[in-house]
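Presented below is the structure to which this report refers.
Next comes the structure, spelled out in structure tokens:
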């Protein structure tokens, strides 16, 4: 299949994107839509809490790593945004039109269901009870730990390779200027951190607290939070630091996108949209491996990659 591949990134923020900013090129016809998104706002996970964490009881009460009401609202609105943008292309829900896939966590599965609820409101044909504005749509996931959304864990050589890369002088230099700050964080949190490990978890903990309407802990100033964000960003950059690491981390995702495009060209399965519910690392790895620059350092809750297969006026296939 002769094609020009050009990926453009859409980051979906709190209330979704302005659909007016996403007009298709004139004389190009949309043939397939694929969306990979991070789950909605959540509580901190067990691996993210620290010894002096003032909000442990909040997480105990709500559950660790669970979707919050704010996160539910965000993901539902993302579905509505996609409906607004692609309404003419999608039409009403038809069985077999959409393939919806999630990683094997509760928050990603719920996020996927909420996006579907916003994307496919009941029509006259699909409504089954007037007071329930919801269309049940099949979703999929793999029980096995290893799938294309967890490719770095599926590769037995990746983690040893990552450990070696973290010892490279050029990588150590990236973190050196933060060494004194990391020592301060150890004292304030009661946890042992190194510049290249686990600090992204601490950042995720604080981000979750802010999303829940909690304030930063007394030990953490706004400047501290911004430094942790920078360290988390550097940790994500390390994951795709070499060409081989980039291929391992993002190759299966690109392969999945291209497989779907090729299958759609055969016109056999009738799929119009593929939805993939994943994590921040899935978005970050893809952006860093493809050298996207005009994107946030850390993919926020609900961030999404939108990939469109277009048919040009020359009858060739283009990917945007």
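Residue numbers (mature numbering (1 follows the signal peptide of the UniProt record, and there is no 0)): -19 to -1, 1 to 301. Where is the CB? At the ideal position from N, CA and C, for every residue including glycine.
Tell me which same chain residues have a C-beta within less than 8 Å of the C-beta of residue 146, skipping the five on either side of it?
-> Here the question's residue 146 lines up with position 165 in the chain shown. Excluding positions up to five away in sequence, the list reads 152, 219, 222, 223, 226.
In the DSSP assignment, find the alpha helix (DSSP H) that holds residue 292 and state where it starts and stops.
-> Numbered from its first residue, the chain shown carries residue 292 at position 311. No alpha helix (DSSP H) contains residue 292, which is instead part of the beta strand (DSSP E) from 285 to 292.
Compute the distance between the beta-carbons of residue 283 and residue 59, then report whether it is under 7 Å.
-> Here residue 283 refers to the residue found at position 302 when the chain shown is read from its first residue. Here residue 59 refers to the residue found at position 78 when the chain shown is read from its first residue. Going by C-beta atoms, residue 283 is nearer than 7 Å to residue 59.
DSSP three-state call for residue 175: helix, strand or coil?
-> Against the chain shown, residue 175 aligns to sequence position 194. Looking at residue 175 - three-state DSSP - the assignment turns out to be strand.
Could you tell me if residue 198 is buried or exposed, where buried requires 16 or more neighbouring beta carbons within 10 angstroms of its beta carbon?
-> To locate residue 198, count along the chain shown from 1; it is residue 217. With 16 or more Cβ atoms within 10 Å of its Cβ, residue 198 is classed as buried.
Run through DSSP, which three-state label would residue 203 get?
-> To locate residue 203, count along the chain shown from 1; it is residue 222. Here residue 203 sits in helix by DSSP.
Measuring CB to CB, does residue 203 end up less than 7 Å from residue 162?
-> As a working mapping, residue 203 is identified with position 222 in the chain shown. As a working mapping, residue 162 is identified with position 181 in the chain shown. Their beta carbons are not under 7 Å apart, which means residue 203 does not touch residue 162 by this criterion.
Closest residue to residue 156 among 215, 205, 136 (Cα-Cα distance) = Numbered from 1 along the chain shown, position 175 holds the residue referred to as residue 156. Of 215, 205, 136, the residue nearest in Cα terms is 215.
Rounded to whole angstroms, what's the CA-CA distance from residue 186 to residue 10? Just pull it up for me.
-> Your numbering for residue 186 matches position 205 in the chain shown. Your numbering for residue 10 matches position 29 in the chain shown. Each residue's alpha carbon lies about 43 Å from the other.
What do you get for residue 188, buried or exposed, if any count of 16 or more other CB atoms within 10 angstroms of its CB means buried?
-> Position 207 of the chain shown, counting from 1, holds the residue named residue 188. Buried.
Residue from 272, 263, 54 whose Cα sits closest to the Cα of residue 84 = Indexing the chain shown from 1 puts residue 84 at position 103. Comparing alpha carbon positions, the residue from 272, 263, 54 closest to residue 84 is 263.
List the endpoints of the continuous beta strand (DSSP E) containing residue 10.
-> Position 29 of the chain shown holds residue 10. From DSSP, the beta strand (DSSP E) with residue 10 extends over 10 to 19.
Would you mind working out which of 159, 212, 164, 134 sits nearest residue 230, comparing C-alpha positions?
-> Taking the first residue of the chain shown as position 1, residue 230 is located at position 249. Checking every option, the nearest Cα to that of residue 230 belongs to 134.
Option nearest residue 64 by Cα separation, candidates 238, 95, 45 = Here residue 64 refers to the residue found at position 83 when the chain shown is read from its first residue. The candidate whose alpha carbon is nearest that of residue 64 is 95.
Using DSSP with H/G/I as helix, E/B as strand and the rest coil, what is residue 272?
-> Counting from 1 along the chain shown, the entry for residue 272 is found at position 291. In the structure shown, residue 272 sits in coil (DSSP, three-state: anything other than H, G, I, E or B).
Close Cβ partners of residue 139 (< 6 Å) along its chain, the five nearest in sequence each way excluded = Residue numbering aside, residue 139 sits at position 158 when the chain shown is read from its first letter. These residues qualify, in order along the chain: 133, 229.
Along the chain, where does the beta strand (DSSP E) that runs through residue 258 open and close?
-> Counted from its first residue, the chain shown places residue 258 at position 277. From DSSP, the beta strand (DSSP E) with residue 258 extends over 254 to 259.
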